[in-house]
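One structure below.
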Amino acid sequence: MSGQGLGTGGLVGNNGAGGSIAQSYATGAVSGQGAALGGLVGRNDGTTTLSYWNTQTSGMADGAGAGSVTGVTGLDSAGMRDASSFTGFDRMVWAPADGTDAPLLYGVSGVVGVVQSAVYGDDPQTVPLSLLGGWAWSRVTGLVSSTLAAGTNVGTYLNFLDTSGVSATFSAGGAARVVNVGAVVTPATLTVTAANGTMVYGDAVPSLGYTTSGWKNGQSDALLSGVTVSTSATALSDVGDYASTATGGVLSGAALGNYTIFHTTGTVSITPATLTVTAANGTMVYGDAVPSLGYSVSGWKNGQGDALLSGVGVSTSATSLSSVGRYVSTAMGGVLSGDAAGNYTLRYVDGHLVIVQPPPVVVVDDPSRPAGTANPPSTDRPTASDPRATPGVPVELPPPSGIAAFLPARFIDPVAPSPAAPPVAGRSGSEAGSPGLASEQDGGGDGPQDACGAAGGEGCASLPHPANRVLGTFLSVKSP
1 MSGQGLGTGG LVGNNGAGGS IAQSYATGAV SGQGAALGGL VGRNDGTTTL
51 SYWNTQTSGM ADGAGAGSVT GVTGLDSAGM RDASSFTGFD RMVWAPADGT
101 DAPLLYGVSG VVGVVQSAVY GDDPQTVPLS LLGGWAWSRV TGLVSSTLAA
151 GTNVGTYLNF LDTSGVSATF SAGGAARVVN VGAVVTPATL TVTAANGTMV
201 YGDAVPSLGY TTSGWKNGQS DALLSGVTVS TSATALSDVG DYASTATGGV
251 LSGAALGNYT IFHTTGTVSI TPATLTVTAA NGTMVYGDAV PSLGYSVSGW
301 KNGQGDALLS GVGVSTSATS LSSVGRYVST AMGGVLSGDA AGNYTLRYVD
351 GHLVIVQPPP VVVVDDPSRP AGTANPPSTD RPTASDPRAT PGVPVELPPP
401 SGIAAFLPAR FIDPVAPSPA APPVAGRSGS EAGSPGLASE QDGGGDGPQD
451 ACGAAGGEGC ASLPHPANRV LGTFLSVKSP
């Protein structure tokens with residue numbers, strides 16, 4: 001290669017920034033008047049990998065005249081004909097050097113490659129042989145035999161193919177060289193999938209596992225360790241789906257080197273927590289207004305509380321006209337806000353409202369009569385105008401209450417009772433028998449005063465007649 005200008009090289013004159021050269025070589029002589037002369041590239045401002053030049057035939061000591069020389073290797077003529085010098089070259093593209101030639105491209109160079117490519121664990125009998133550089137470039141005849149065995153580990157095996165019975169004719173004329181590329185076993189794909197999971201909002205994240213697929217030759221998970229599964233979901237995460245991710249993995253035993261691990265994600269679904277709204281219980285008296293009913297809430301997560309719930313209503317079918325009995329109280333509605341919005345399902349639990357019978361109401365008159373007149377009749381009665389009275393339901397009255405019956409006697413004014421004396425009789429059944437008014441029977445009708453009264457009454461305790469019988473609230477008796 002001869003030239004002038006920015007650079008002159010055996011393969012490329014100028015590899016500008018952003019340019020790339022890979023798996024290439026140059027063997028020609030380089031000369032010129034340019035500022036940069038190199039065995040492979042004149043000026044190299046781009047990247048170069050797995051590339052070579054012949055230091056003897058090029059006359060150049062450097063692979064690049066200017067710029068980077070990374071990825072450029074110089075070989076003498078013997079090295080150029082040694083297949084081992086070109087480690088990293090794609091054997092499906094380049095025919096290996098054979099001691100007389102440097103690596104050559106299949107087809108265009110009159111070289112035909114024979115290869116059997118199999119994935120680890122596949123049955124070799126189902127894997128066809130392939131020709132590299134045949135068909136349009138060369139005409140191939142003959143048979144190839146293979147001894148590739150099932151279960152063969154990953155690698156390239158030249159001795160498994162017999163190409164001795166194969167010949168080829170190059171389309172440009174002359175015989176094509178047939179190259180035994182070999183039996184190539186590539187790694188099988190072992191897929192590690194993070195397990196799916198489900199959790200309730202606010203709960204702890206569950207432990208997540210994984211599944212595998214793609215094992216060959218009867219191998220199993222016992223030959224795989226070190227896989228971890230994680231998720232971005234936490235107890236504070238909102239309801240929704242989150243990825244679970246598997247990472248890592250170490251193969252051992254017969255699986256070592258024979259698989260490529262491929263990770264796939266799973267899903268962790270967070271479902272709403274249940275928030276229970278319970279209608280409060282209540283009690284009311286028949287005929288009264290229905291009381292206001294509240295509710296209680298249970299099931300909050302993450303420290304949340306009732307401040308994040310509004311709009312709950314509680315109702316009952318009971319009214320002030322409803323009969324005595326038990327009625328349902330029902331909660332309904334509710335709007336969640338803040339961190340609770342969308343993270344709960346509301347569940348309602350009924351309460352009850354009990355209507356009780358009102359206590360009976362009885363009115364007892366408190367009549368009075370002048371002394372010496374007949375007692376009036378008792379007028380105890382339940383009130384007929386009480387709206388809480390239930391027709392047909394008997395009213396249970398207290399024991400009879402009314403008039404105190406006294407045997408005839410002369411009534412005297414009471415004096416101040418002694419400290420030991422009970423309260424004055426004549427006002428209530430609970431005070432029955434108290435010496436507020438006293439009478440004695442001395443014969444029949446109004447006879448002479450009792451001895452105490454005759455003495456002037458001062459300092460005398462007035463006592464009821466021993467035969468007097470108290471029935472209830474005393475009649476007020478007015479002395480003449």
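Take the sequence shown: its position 73, counting from 1, is numbered 73 in the UniProt record's numbering, and each next residue is one higher.
Heads up, the beta-carbon is just placed ideally off N, CA and C, and yes, glycines get one too.
Note that the coordinates shown come from a computational prediction; the quantities given were computed from them, not determined experimentally.
Residue environment, R43, which counts as buried when at least 16 other CB atoms sit within 10 Å
Counting Cβ neighbours within 10 Å, R43 comes out buried, since at least 16 surround it.
Measure the alpha-carbon distance for T283 versus R347 and round it to whole angstroms.
Distance from the CA of T283 to the CA of R347, rounded to the nearest whole angstrom, comes to 24 Å.
Let me make sure I understand the geometry here. Which of A64, T70 and T100 has the alpha-carbon closest to that of A78?
Among A64, T70 and T100, the Cα nearest to that of A78 is on T100.
First and last residue of the beta strand (DSSP E) that includes S138?
Taken as a continuous stretch (DSSP letters only), the beta strand (DSSP E) holding S138 covers S138 to T141.
Kindly indicate which three-state DSSP category S85 falls into: helix, strand or coil?
Three-state result, S85: helix.
Tell me where the beta strand (DSSP E) around T57 begins and ends.
That residue, T57, is in no beta strand (DSSP E); its alpha helix (DSSP H) goes T55 to S58.
Buried/exposed call for R326, threshold 16 Cβ in 10 Å:
Exposed.
Residues near V205 by beta carbon distance below 7 Å, same chain, minus five either side:
Cβ-Cβ distances below 7 Å link V205 to M199, T231, A233, T234 and A235 in the same chain, with the five nearest sequence neighbours on each side left out; the list follows chain order.
What span of residues does the beta strand (DSSP E) with A374 cover, start to end?
First-last for A374: undefined, no H or E at that position.
For Y106, tell me which candidate among D98, M92, Q116 and S220 has the shortest Cα-Cα distance.
Among D98, M92, Q116 and S220, the Cα nearest to that of Y106 is on M92.
Would a C-beta distance cut-off of 8 Å place G46 and S24 closer than the cut-off?
No, the Cβ-Cβ distance between G46 and S24 is not below 8 Å.
Please classify S244 as buried or exposed, where buried requires at least 16 other C-beta atoms within 10 Å of its C-beta.
By the neighbour-count rule (16 or more Cβ atoms within 10 Å), S244 is buried.
Measuring CA to CA, which of Y242, V229, W215 and V227 is closest to I270?
Scanning Y242, V229, W215 and V227 for the CA closest to the CA of I270 turns up Y242.
Along the alpha helix (DSSP H) that carries A78, what are the first and last residues, could you check?
Following the DSSP letters along the chain, one finds A78 inside the alpha helix (DSSP H) bounded by residues S77 to M80.
Same chain, Cβ closer than 6 Å to G342, neighbours up to 5 away in sequence not counted:
Same-chain partners within the cutoff: V239.
Three-state class that DSSP yields for Q116 in the structure shown:
Assigned with DSSP and collapsed to three states, Q116 falls in strand.
Nonlocal neighbours in the same chain, by C-beta distance under 8 Å from L6, ignoring five residues either side:
If we look at L6 and ignore the five residues flanking it on each side, its Cβ neighbours are G13, N14, G34, A35, A36, G42 and R43.
Check each candidate in W300, A254 and A280 and name the one with the smallest Cα separation from P272.
P272 has its Cα closest to that of W300, out of W300, A254 and A280.
Where in the UniProt domain "MBG" (275–353) do unbroken runs of the beta strand (DSSP E), each at least 3 residues long, occur, reported from the N-terminal end onward?
Taking 3 residues as the shortest admissible run, the UniProt domain "MBG" (275–353) contains the following complete beta strand (DSSP E) segments, listed from N- to C-terminal end: 282–285, 295–298, 309–316, 325–336 and 344–349.
Hey, is the region 212–224 in contact with the region 245–265, meaning 3+ C-beta pairs nearer than 8 Å?
Yes, the region 212–224 touches the region 245–265.
For the beta strand (DSSP E) that contains T169, what are its first and last residues?
Residues S167 to F170.
Residues in the same chain with beta-carbon distance under 6 Å from F86, minus the five sequence neighbours each way, listed in chain order, please.
Cβ within range, chain order: P103.
Beta-carbon proximity check, L161 vs A183, cutoff 8 Å:
In this structure, A183 lies closer than 8 Å to L161 by Cβ.
L158: buried (16+ other C-beta within 10 angstroms of its C-beta) or exposed?
Taking a 10 Å sphere around the C-beta of L158, we find fewer than 16 other C-beta atoms and assign the residue as exposed.
Going by beta-carbon coordinates alone, are T57 and A83 separated by less than 8 Å?
No Cβ-Cβ contact shorter than 8 Å links T57 with A83.
C-beta contact flag for D306 and V328 at 8 Å
Not a contact, by the Cβ cut-off of 8 Å.
Distance between Q116 and T126 (C-alpha atoms, nearest Å)
Distance from the CA of T126 to the CA of Q116, rounded to the nearest whole angstrom, comes to 11 Å.
Skipping 5 residues on each side, what residues in its chain have a beta carbon closer than 8 Å to that of F170?
Cβ within range, chain order: G110, W137, S138 and A176.
L321 burial status per 10 Å Cβ neighbour count (16 or more: buried):
Flag for L321 reads exposed.
Is D123 helix, strand or coil when you go by DSSP?
In the structure shown, D123 sits in coil (DSSP, three-state: anything other than H, G, I, E or B).
Using DSSP with H/G/I as helix, E/B as strand and the rest coil, what is A35?
Coil.
Enclosing beta strand (DSSP E) for V41 [first to last residue]:
In the DSSP assignment, V41 falls within the beta strand (DSSP E) that extends over V41 to N44.
When DSSP builds the beta bridges, which residues end up paired with R91?
Bridge pairing for R91: absent [DSSP].
Proximity winner among V227, Y295, V154 and S292, relative to F262 (alpha-carbon distances):
Nearest of V227, Y295, V154 and S292 to F262, Cα basis: V227.
Does DSSP put L11 in a helix, a strand or coil?
Looking at L11 - three-state DSSP - the assignment turns out to be coil, as it is neither helix nor strand.
Rounded straight-line distance, which links the Cα of G173 to that of V140:
Near 13 Å, if we compare the C-alpha coordinates of G173 and V140.
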